[in-house]
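Residue numbers (my numbering): 20 to 70.
Below: the structure, in C-alpha cells.
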C-alpha cells in the first residue's frame with residue numbers, strides 16, 4: 020500500500036468520527052487527487068480553495 024492510499028484510509032477514519040472536519044476533507048481530496056481518483060464533492064471544495 021502506498022503513502023497516498025494510506026493517507027486516504029486515515030482521513031476516511033477521521034471523517035467517520037467527525038464528518039465536519041474540513042481539514043481532513045481537504046487533505047483527503049488532495050490525496051485522492053494524487054491517486055487520480057475522483058471524489059466529486061470534496062474535489063470541488065479543494066479546487067475552489069486553491070484559486
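Note that CB positions come from ideal geometry on N, CA and C, so glycine has one too.
Just so it is clear, the structure is predicted and the values come from calculations on it, not from any experiment.
Neighbourhood of residue i by C-beta, 6 Å cutoff - its chain only, sequence neighbours within 5 removed
i          : result
residue 54 : 23
Cβ shell of residue i (< 8 Å), same chain only, five flanking positions each side left out
i          : result
residue 26 : 46, 47 and 50
residue 34 : 40, 43, 44 and 47
Nearest-angstrom Cα separation, counted from residue j out to residue i
i          : j          : result
residue 36 : residue 21 : 23 Å
residue 31 : residue 38 : 9 Å
residue 52 : residue 29 : 15 Å
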